[in-house]
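Remarks on the structure that follows.
There are 2 protein chains.
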Amino acid sequence: MPSSEIRITNPDWVHEVVDFHRPYPDDDARVRVAITLARENVSRNTGGPFGAAVFEADSGRLVGVGTNAVIRLNNSNAHAEIVALMMAEANLGSFTLRADGVPRHELFSSCEPCAMCLGATLWSGVTRLVFAATRDDATRLNFDEGPVFPESYEYLERRGITIERSQLRAEANEVFDLYSKRGGPIYNR
Amino acid sequence: MPSSEIRITNPDWVHEVVDFHRPYPDDDARVRVAITLARENVSRNTGGPFGAAVFEADSGRLVGVGTNAVIRLNNSNAHAEIVALMMAEANLGSFTLRADGVPRHELFSSCEPCAMCLGATLWSGVTRLVFAATRDDATRLNFDEGPVFPESYEYLERRGITIERSQLRAEANEVFDLYSKRGGPIYNR
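Listed below in C-alpha cells is the structure:
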C-alpha cells in the first residue's frame, strides 16, 4: 500500500531560537531570524544551511518559519522557503497570503531561492522577498539553484513582488562556511 | 501557538481510479493516469484540473500520484506534481529518485509544470518529464504558469532530464473545458 500522507515539520528546537510572541521591527531583525534558523539547522545536524521566515510586513509579526529538511524528511521539496510558506498559510488557514483584508506578508530567506522556491514565492502571495546569501554563494558550496534568470525576477516584479538582495549576506555566508567545515552533505548535486 | 505540522494527502477516491498493483506499459497509459486524476479532481470537486503521477521508467510501476490540492489543503504549494513527487519519495524512503541502484523514474503530468513544479522536477531526480496540456492551454483558462522560459527546459535537459510535450493534449484540454463549464475557481490569478 503506497504512502497516503506526507508530514512536514520543523525540528523541535525551532521554538527555542525564535519567538512567535514578539514583533520583528525591521529587515535586519527579520533576515536574522532566517539566518539563525539556517545556523541552528547546521549546528544541530537537522539539515542543510538554509532557513526562512514569513512576517506580516507592517506589524513584524512572525507567521511561519522553515528550515531545510530535504534529508531529514526524505523530501526534495522541503526547502526552507517552501516549509515557511506552508506553515504561514496553515497559520492563516488560507492558500494565499494576499487576500482582501489580510495584511501584506514578506518572505525572508537566508539564501537566494532556487527555481522551485522562487515559483512558490509567487504563488504564496507575499509582496516582498528579502534574501541574504546569493546564488553565487550557494553555488560556491556546490548547491545547484536551478533555472533562475534575470527574467524570472522581472516576472515576479511585474506581479507586485519587491525583491531585496544581499541583506546580511556575510552572516549567511558564515553559516555556509560552518556547513562546509562540518562536511555537510550536498544533496541533488 | 503556530502550526507545527503540515499534512499533505490525496483525496480518498484516488484509490478507486488508479491501480498501484498493475504496470502501466507505455506513455499513453501513464499520461492517462495523470489526466484521469485531473478529471476526477474536477468531477468530485476536490481541486483544480491537474493531476500527476510518477512511474518507474522500465517496469511501469506506479510509485506516487498527486492531484491539485491548493484550495482543499490551503496550501499554494500543493500542485499535482509536487504532491506526486512527495508521495513517490515517501514510498521510496528517499529524497531523490535517482540514487545508485534505484530504477529510473519519470514524472507524468496532465499539464505543463509551472515554474515551481519545474524546479521540483529537477530536484526530484526523475530522468524524464512528460506532460499533456501546454502552458498556453493553462493560460487560456487564466492559470498563471510563472517564470518558465526555453532556457529553463535547456537547464533541465543539460542535467539529463528528457522532456516530452503535448502527449494526449486534447484529452487534458477536455478536463480544462469541464472545469471551465463548472465555473471552477482560478486561484492565484
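Quick mapping for you: the protein sequence lines, in order, are chains A and B. In terms of my numbering, the numbers along the first sequence are unbroken and rise by one, the last being 176. In terms of my numbering, the numbers along the second sequence are unbroken and rise by one, the last being 176. C-beta: ideal position from N, C-alpha, C; glycine also. If you're wondering where the values come from, they're calculated on a predicted model, not measured in any experiment.
Within 10 Å of its beta-carbon, does residue i have 16 or more other beta-carbons around it, so buried, or fewer, so exposed?
{"i": "E3(B)", "result": "exposed"}
{"i": "G80(B)", "result": "exposed"}
{"i": "P100(A)", "result": "buried"}
{"i": "P177(A)", "result": "Absent from the structure is residue 177(A), since the part of chain A shown begins at -12 and ends at 176."}
{"i": "T108(A)", "result": "buried"}
{"i": "H8(B)", "result": "exposed"}
{"i": "G51(A)", "result": "buried"}
{"i": "G34(A)", "result": "buried"}
{"i": "R127(A)", "result": "exposed"}
{"i": "N64(A)", "result": "buried"}
{"i": "R19(A)", "result": "buried"}
{"i": "V113(B)", "result": "buried"}
{"i": "G53(B)", "result": "buried"}
{"i": "N32(A)", "result": "exposed"}
{"i": "V57(B)", "result": "buried"}
{"i": "S111(B)", "result": "buried"}
{"i": "E144(B)", "result": "exposed"}
{"i": "G170(A)", "result": "exposed"}
{"i": "V89(A)", "result": "exposed"}
{"i": "G133(B)", "result": "buried"}
{"i": "N129(A)", "result": "exposed"}
{"i": "T83(A)", "result": "buried"}
{"i": "T149(B)", "result": "exposed"}
Could you spell out the range, first to last residue, of the alpha helix (DSSP H) harbouring residue i?
{"i": "E138(B)", "result": "137 to 145"}
{"i": "I148(B)", "result": "Segment: none, I148(B) is in no alpha helix (DSSP H) and carries neither H nor E."}
{"i": "D164(A)", "result": "156 to 168"}
Specify the secondary structure class of residue i as computed by DSSP and reduced to three states.
{"i": "I173(A)", "result": "coil"}
{"i": "R31(A)", "result": "coil"}
{"i": "R(-6)(B)", "result": "strand"}
{"i": "V4(A)", "result": "helix"}
Rank the options by C-alpha distance to the C-alpha of residue i and give the top, closest one.
{"i": "Y140(B)", "options": "R26(B), L105(B), D14(B), D45(B)", "result": "L105(B)"}
{"i": "S153(B)", "options": "F118(B), E(-8)(B), D(-1)(B)", "result": "F118(B)"}
{"i": "I(-7)(B)", "options": "V70(B), V20(B), G38(B)", "result": "V70(B)"}
{"i": "R156(A)", "options": "P(-2)(A), W0(A), F37(A), P90(A)", "result": "F37(A)"}
{"i": "F136(A)", "options": "F82(B), R146(B), A102(B)", "result": "A102(B)"}
{"i": "A67(A)", "options": "E144(A), N160(A), N(-3)(A), N175(A)", "result": "N(-3)(A)"}
{"i": "A125(A)", "options": "D13(A), E43(A), S167(A)", "result": "S167(A)"}
{"i": "R85(A)", "options": "P10(A), F42(A), T23(A)", "result": "F42(A)"}
{"i": "D15(B)", "options": "S96(B), N55(B), L60(B)", "result": "S96(B)"}
{"i": "P12(B)", "options": "I150(B), I148(B), F82(B), S46(B)", "result": "S46(B)"}
{"i": "A21(B)", "options": "N62(B), L60(B), V162(B)", "result": "V162(B)"}
{"i": "D180(B)", "options": "T121(B), D164(B), R48(B)", "result": "Because residue 180(B) is not part of the residues shown, which for chain B are -12 to 176, the question remains open."}
{"i": "A44(B)", "options": "E76(B), P10(B), E132(B), V29(B)", "result": "P10(B)"}
{"i": "W0(A)", "options": "P(-11)(A), R17(A), N28(A)", "result": "N28(A)"}
Does the beta carbon of residue i sit closer than 8 Å to a beta carbon anywhere in chain C?
{"i": "S(-9)(A)", "result": "This model lacks chain C altogether, as its protein chains are A and B."}
Checklist entry - In the stretch 44 to 122 of chain B, which residue ranges form an unbroken beta strand (DSSP E) of at least 3 residues, counting only runs that do not cross its ends? => result 49 to 54, 92 to 98, 115 to 120
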